[in-house]
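Novice: This is the structure I have questions about; it appears just below.
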């Protein structure tokens, strides 16, 4: 969650200097996002990703190639574990730094590019998605994580019983206290059935207790709480979300 701190400080400073006020963020189904869940095509993608990764390292979009190579060189082969390869681990490490925003900005609006074969980060998206799947199946294959937390400095708009997706890789924490360090304006208490703990492979490890949720997971807004009605609520507004399976319009689109 170090990435949250760095970005939050930059964003707050920029807003203060420019006088800009952030608009409310509307919760919706994020239908323009890259939501490939790779259900049924992982073996084929493990072959294809080798070519995508080589091309994307060479293209070096937004310094991706340089950053990937640096993280790869710093990762011990002994960290690999069964299905979880060094490449999967590098994908997590690269995301867990301040470079996460580069991927999420592309994922939020990249659906058309993905279909047109012009998306910038096919390899990173697949390897990170697949790493989440592997860790989920390894650690708690038949159970949902009942409550993870996300604190923010943003104001969100959403309706009770509405179905939503975040349309990006979503960092959360198993610790409410840690989540609150990243904002107490509008926050989330989330049940995730597709997210997985990645703390073993992030720079802060257990100190950030990070659970990463994939872009395709769908949620229902079960409750909206605020401090006007709930005394000592940990944020001004808290959205309680329950997993509602998933939606993957782009499933296996590359195969």
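In this note's numbering, the protein residues as written are 166 to 420.
Beta carbons: idealized from backbone N, C-alpha and C, even for Gly.
On a predicted model such as this, the values are computed, not experimentally measured, just so you know.
Give me the Cα-Cα distance between residue 192 and residue 327, rounded to the nearest whole angstrom.
Specialist: In the chain shown, counting from the first residue as 1, residue 192 sits at position 27. In the chain shown, counting from the first residue as 1, residue 327 sits at position 162. Taking the straight line joining both Cα atoms gives about 9 Å.
Novice: Which runs of the beta strand (DSSP E) at least 3 residues long sit entirely within the stretch 210-298? Give them in chain order.
Specialist: none
Novice: Return the residue from the list 386, 395, 420, 197 that minimises the CA-CA distance to residue 276.
Specialist: Within the chain shown, the letter at position 111 stands for residue 276. Here the closest residue by C-alpha is 197.
Novice: Straight-line CA distance for residue 248 to residue 214?
Specialist: For the purposes of this step, residue 248 is identified with residue 83 of the chain shown, where counting begins at 1. For the purposes of this step, residue 214 is identified with residue 49 of the chain shown, where counting begins at 1. It is roughly 15 Å from the alpha-carbon of residue 248 to the alpha-carbon of residue 214.
Novice: To which residues of the same chain is residue 128 closer than 6 Å at the C-beta, ignoring the five residues directly before and after it?
Specialist: There is simply no residue 128 to check, as the chain begins at 166 and stops at 420 in what is shown.
Novice: Report the option in 318, 403, 221 whose CA atom is closest to the CA atom of residue 324.
Specialist: Within the chain shown, the letter at position 159 stands for residue 324. If we check each option's Cα against that of residue 324, 403 comes out closest.
Novice: Just mark residue 209 as buried or exposed, buried being the case when its beta carbon has 16 or more other beta carbons within 10 Å.
Specialist: Residue 209 sits at position 44 when you count from the first residue of the chain shown. Exposed is the call here.
Novice: Taking the straight line between their C-alpha atoms, what separation do you get for residue 346 and residue 313?
Specialist: Locating residue 346 in the chain shown gives position 181, counting from the first residue. Locating residue 313 in the chain shown gives position 148, counting from the first residue. Their backbone Cα atoms lie some 14 Å apart in a straight line.
Novice: Runs of 3 residues minimum, wholly inside the stretch 355-407: which ones carry the beta strand (DSSP E) assignment?
Specialist: Within the stretch 355-407, the complete beta strand (DSSP E) segments at least 3 residues long are 375-378, 382-391, listed from N- to C-terminus.
Novice: Would you check if there are 3 or more beta carbon pairs closer than 8 Å linking the stretch 389-404 to the stretch 287-294?
Specialist: no
Novice: Pairs of beta-carbons, one from the stretch 296-311 and one from the stretch 229-240, closer than 8 Å: are there three or more?
Specialist: No, because fewer than three Cβ pairs between the stretch 296-311 and the stretch 229-240 fall closer than 8 Å, the two stretches do not touch.
Novice: Can you list, in chain order, the residues of its chain whose CB lies under 7 Å from that of residue 374, leaving out five sequence neighbours each side?
Specialist: Locating residue 374 in the chain shown gives position 209, counting from the first residue. So the list reads 338, 339, 340, 343, 364, once near-sequence residues are dropped.
Novice: DSSP state of residue 166, grouped into three classes?
Specialist: Sequence index remark: in the chain shown, residue 166 carries index 1 (1-based). The predicted model places residue 166 with a pLDDT of 44, which falls under 50 and marks its position as unreliable; any figure quoted below should be read in that light. Here residue 166 sits in coil by DSSP.
Novice: In this structure, does DSSP put residue 199 in helix, strand or coil?
Specialist: Residue 199 sits at position 34 when you count from the first residue of the chain shown. Three-state DSSP puts residue 199 in coil, outside helix and strand.
Novice: What did DSSP end up calling residue 412 once you bin it into helix, strand or coil?
Specialist: In the chain shown, residue 412 corresponds to position 247, counting from 1. Correct three-state label for residue 412: coil.
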